[in-house]
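In our numbering, the protein residues as written are 1 to 576.
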């Protein structure tokens, strides 16, 4: 028997759009909010047991009642008023921008005790106590549901449609050690959590998003005669949507700027705008000046024909590239676009250290999400720092879009020493499916991007994710750990990327990244991926063939690598 409570945040209201503080004000959903909930219902995000016992609860306010009706139909429900949002009294239906500078409001914001209340409203501590009482009432009702099915082995499910602040306080109460603070639990409208119970206590949870955890990365689209194969791409787009997946990812520079046009022709012009989420990116470091950088946004809007972007990213922060976004005023520029409604969620993608990521998130706490390279092979890689970057983003309370879950294709076709481990565990599953499931099992993930190049890859990913529960089993985790051990045992250049070799190189050769590209070939036998990485590492010069064999690098290498000899091998394989 499965026993769980769904905590679901109501759909979008005028208050969400205008970023109001509002609790007791009884406002309905917007038309857009209703449409988004209809899509969530159609995609089967919330699944109820057949023949089990399901109960429904709301806070009694219009927005929760309407949300329940759209997602589950007209159902008998119980109202628990203790699950209403925090009350803001005289400050209801006003935004932070409107209230900032008001001395009473500022004191409330800065209050660390939690005892300060706004006039006519309630304090944070009072709100938490009220929600705790409401959650206890909810669990009591759920326990009765458990008892009614205890002899037939059927599932007991309770659906509680309430509010973002209530869900955050409830999850903090049920899982006090899981996140740093209450606000890190805040779900998007229409999303929430499935909390599993055993013997009356919460034992685990799953985050439930209106976006399924597979995104269509449109960077490696199928090609035909040197151009994007529009017919096959249309089939892939249609198949993706038919399975209930909605997140599409492109960028200004993908496929020499042709990807965004392909998005318009294969997706935007053929499907209702509310039926999908579109993300694209602005690479300011490619621009010659501020005007050119800012113009990229308008060009993307025109090329995609999307009207607005659900997710918009500052593209590929890291190293010196980050400076371009500051120099050209892109942060403020995109914040204004967000205010205009042209961007729903603003974030950035990044390839850099956890320390660099922490600095950007500290400087820009306003971002909604980050996009990071995360896969099981790079999880503890000291160069990529997948785990450290993921933990840094979550510590800042940011949700994550995962890129490179299959490491640019490297984890799809691996040497027998690795692929045999997966085949033995599950002969029917592809190696790529293990990588995608690893990424999708992480908490706080919006979606996992896969750059699919043909219909077979699309079918494989859909088959994997359609049947995925959202969590790896203990046995699956052991299989992946065994595969990582096998990968780490493969012969490779033993570079730790300390970068001592770079500091005195007269030809400014990017030795660590060149070795990283070469190791992609040595470990994963992925020549094209290695060449792509080599091209990126040497795009500003400093190729392996530029080495003059002065030996300076070898004299400071802690690993005593014969660097000049290795560079010759790199040049032969990666420049050939």
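Glycine residues also receive a C-beta, built at the ideal position from the N, C-alpha and C atoms.
Note that the structure is a prediction, hence the values are computed from the model and not measured.
Tell whether a beta-carbon distance below 8 Å holds between residue 333 and residue 294. A contact, by the Cβ cut-off of 8 Å.
Entirely within the stretch 280–328 and at least 4 residues each: give me those alpha helix (DSSP H) ranges in chain order. As far as the stretch 280–328 is concerned, its whole alpha helix (DSSP H) runs of at least 4 residues are 290–304, 321–327.
Uninterrupted alpha helix (DSSP H) stretches inside the stretch 338–375 (no shorter than 4 residues): Positions of the alpha helix (DSSP H) runs, each at least 4 residues long and wholly inside the stretch 338–375, are given as 354–363 in order along the chain.
Using only CA atoms, which one of 5, 62, 43 lies nearest to residue 27? Cα-wise, what sits closest to residue 27 is 62.
According to the neighbour-count rule (16 or more other Cβ atoms, all chains shown, within 10 Å of its Cβ), is residue 578 buried or exposed? Any answer about residue 578 is impossible in this case: the structure gives the chain only from 1 up to 576.
Can you list, in chain order, the stretches of the alpha helix (DSSP H) that have 4 or more residues and sit fully within the stretch 2–27? For the stretch 2–27, the continuous alpha helix (DSSP H) assignments of 4+ residues that do not extend past its boundaries occur at 14–17, in sequence order.
Report all residues from its chain with a CB closer than 7 Å to the CB of residue 20; omit the five preceding and five following residues, and keep chain order. Take residue 20, set aside five residues on each side of it, and the residues of its chain with a beta-carbon closer than 7 Å to its own are 93, 94, 95, in chain order.
Is residue 383 near the ligand SAH, in the sense that its beta carbon is under 7 Å from a heavy atom of that ligand? The ligand content of the structure shown is nil, which means the ligand SAH is not present either.
Per the contact definition of three or more C-beta pairs closer than 8 Å, is the stretch 159–176 in contact with the stretch 94–108? Contact between the stretch 94–108 and the stretch 159–176 is absent: fewer than 3 CB-CB pairs across the two stretches fall below 8 Å.
Which term fits residue 536, buried or exposed, when burial requires 16 or more other beta carbons within 10 angstroms of its beta carbon? Residue 536 should be labelled exposed.
Give a yes or no on whether the C-beta atoms belonging to residue 370 and residue 356 are separated by under 8 Å. Result no, Cβ atoms of residue 370 and residue 356 do not sit closer than 8 Å.
Determine the extent of the alpha helix (DSSP H) in which residue 55 is found, giving its start and end residues. Residue 55 -> not in any alpha helix (DSSP H); beta strand (DSSP E) instead, spanning 53–58.
Taking residue 317 as the reference, give the member of 349, 310, 292, 307 with the closest Cα. Nearest to residue 317 by C-alpha distance, out of 349, 310, 292, 307, is 349.
Grab the span of the alpha helix (DSSP H) containing residue 36 for me, first residue to last. Run containing residue 36: 31–42, per the alpha helix (DSSP H) assignment.
What are the start and end residues of the alpha helix (DSSP H) that includes residue 450? Residue 450 -> not in any alpha helix (DSSP H); beta strand (DSSP E) instead, spanning 445–450.
Where DSSP assigns a beta bridge to residue 156, which residues make up the other side? 3, 53.
Are the beta-carbon atoms belonging to residue 418 and residue 487 less than 8 Å from one another? Yes, they are a contact pair.
Taking the Cβ atom as the reference point for each residue, do residue 84 and residue 23 lie within a distance shorter than 8 Å? Less than 8 Å divides the Cβ of residue 84 from the Cβ of residue 23.
Would you kindly check if the distance between the Cβ of residue 571 and the Cβ of residue 538 is under 8 Å? No, they are not a contact pair.
Who are residue 224's beta bridge partners in DSSP? Per DSSP, the beta-bridge partners of residue 224 are 227.
Rounded C-alpha distance that separates residue 433 from residue 261: Spanning the two alpha carbons is a distance of roughly 29 Å.
If you check the beta carbons only, do residue 232 and residue 454 fall under 8 Å apart? A contact, by the Cβ cut-off of 8 Å.
Which first and last residues belong to the beta strand (DSSP E) in which residue 402 is found? DSSP places residue 402 in the uninterrupted beta strand (DSSP E) bounded by 399–403.
Compute the distance between the beta-carbons of residue 119 and residue 165, then report whether it is under 8 Å. By the CB criterion at 8 Å, residue 119 and residue 165 fall outside the cutoff.
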